[in-house]
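Chemist:
Residue numbers (my numbering): 0 to 200.
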């Protein structure tokens, strides 16, 4: 497995969770992955999946910082290691399934953690490209365009215009369809096709 990459855990408590491959170069058949924790060293509602909140851990010697390149990137507590709130797990290679492009909703907490932000951005771009169709307006975000040319999909981004009909493919508004009525930076305002209500996201 390449590192970094994405995998789905196939067995155990974390079955079906998407995990970030942290270290696949171990000499045995195990791979270190980062996954949002499901057990917490402090009270949480049953079934919670969230990032670890280090401010809720004891302020004593049982908690130690994890330092990488001179920066605190996580902590260790009672034998568990957390990187930016994500749990480091050692998984058997045969209990993992490679995922080339996870759904962005499945990596929401990884993105929120801000761990390896450049890889997260590439993942979101790859996810978005599967919805690109012939005739869509795009903008080249890397390289130069002097005439008709071939451009890699990863060097493009979809452009939305007022009046476009869109369908939301991830997040809280999944499935919502409507027309773009206003664009403010990265925020689109839609008029829902059915109710004619305005929604901004």
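All residues carry an ideal CB built from backbone N, CA and C; glycine is no exception.
Could you tell me whether the Cβ atoms of residue 96 and residue 160 are closer together than 8 Å?
Modeler: Result no, Cβ atoms of residue 96 and residue 160 do not sit closer than 8 Å.
Chemist: Could you tell me the distance, in whole angstroms, from the CA atom of residue 32 to the CA atom of residue 162?
Modeler: In a straight line, the C-alpha of residue 32 is about 43 Å away from that of residue 162.
Chemist: Along the chain, where does the alpha helix (DSSP H) that runs through residue 121 open and close?
Modeler: Element bounds for residue 121: 116-128.
Chemist: Taking just the CA atoms, how far does residue 189 sit from residue 16?
Modeler: Each residue's alpha carbon lies about 32 Å from the other.
Chemist: Take every Cβ of the segment 96-111, pair it with every Cβ of the segment 165-174, and state whether three or more of those distances are shorter than 8 Å.
Modeler: Contact holds: three or more Cβ-Cβ distances are below 8 Å.
Chemist: Any idea if residue 21 is buried or exposed, counting beta-carbon neighbours within 10 angstroms, 16 or more meaning buried?
Modeler: Residue 21 is buried by the Cβ-count criterion.
Chemist: In or out: residue 30 buried (at least 16 other Cβ within 10 Å) or exposed?
Modeler: Flag for residue 30 reads buried.
Chemist: Who are the near neighbours of residue 23 in its chain, counting only those whose CB is closer than 6 Å to its CB and skipping five residues on each side?
Modeler: 0, 2 and 30, listed in sequence order.
Chemist: Taking the CB atoms as reference points, tell me whether residue 76 and residue 40 lie closer together than 8 Å.
Modeler: Result yes, Cβ atoms of residue 76 and residue 40 sit closer than 8 Å.
Chemist: So what does DSSP say about residue 99, is it helix, strand or coil?
Modeler: Looking at residue 99 - three-state DSSP - the assignment turns out to be coil, as it is neither helix nor strand.
Chemist: By the three-class DSSP mapping on this structure, what secondary structure does residue 25 have?
Modeler: Coil, per DSSP.
Chemist: Checking 8 Å against the spacing of the C-beta atoms, do residue 103 and residue 130 come in under that value?
Modeler: Result no, Cβ atoms of residue 103 and residue 130 do not sit closer than 8 Å.
Chemist: Pick helix, strand or coil for residue 193, following the three-state DSSP scheme.
Modeler: Looking at residue 193 - three-state DSSP - the assignment turns out to be coil, as it is neither helix nor strand.
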